[in-house]
Amino acid sequence: MIPQEDRDETPGAQRKVPRMGATRTPLHLVFQACVGVIIGIGVVSLLSGLAPAQVALTGVVIAILVWIVEQGFRLPEPNTKQGARVRMVLRLISLISFTIAVSPLLSLIEG
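In structure tokens:
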């Protein structure tokens, strides 16, 4: 569905170019989620020698650190190229740390 401000009813009108960081479909978010989960599962498999509690705690600590960076530091505006990249990296790190924190819990449920 096209947002109302993007519609132009005049014939032959050019389509408005979206600003950086604003997209019509959130497919980039789905891609980031998939990449974050895959990398997180890979990191968990590398940390398989550690106790499940240590792996989960590592994921939680990383997630808290990312949250502190997002809330405590002044980041570039999200509609700039640099701001969009910084937020993408922070989102990806959050997804990886969430996967690291949750995967030991899944193994406890199975076993």
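Quick note on our numbering: the sequence shown kicks off at 86 and runs consecutively.
By construction, the Cβ of each residue, glycine as well, lies at the ideal position given by its N, Cα and C atoms.
Query: Below 6 Å CB to CB, which residues in the same chain sit around A136 once its five sequence neighbours on both sides are set aside?; Result: none
Query: Beta-carbon separation of I178 and V128 under 8 Å?; Result: no
Query: Helix, strand or coil, according to DSSP, for F116 in the structure here?; Result: helix
Query: Which same chain residues, not among the five before or five after A186, have their C-beta less than 6 Å away from its C-beta?; Result: A141, G144 and V145
Query: How is the alpha helix (DSSP H) around A186 delimited, first residue to last?; Result: K166 to E195
Query: Is it the case that the Cβ atoms of Q117 and R176 are separated by a distance below 8 Å?; Result: yes
Query: What do you reckon, are the CB atoms on G121 and T165 nearer than 8 Å?; Result: no
Query: What would DSSP say about P137, mapped onto helix, strand or coil?; Result: helix
Query: Whose C-beta lies closer than 8 Å to the C-beta of G157 among residues of the same chain, with five residues either side of it excluded?; Result: none
Query: Alpha carbon to alpha carbon, how far is V115 from M86? Give it in angstroms, no decimals.; Result: Residue confidence for M86 is low, a pLDDT of 47 falling below 50, so the modelled location carries little weight; the figure read from the coordinates is stated next. Cα-Cα distance, rounded: 18 Å.
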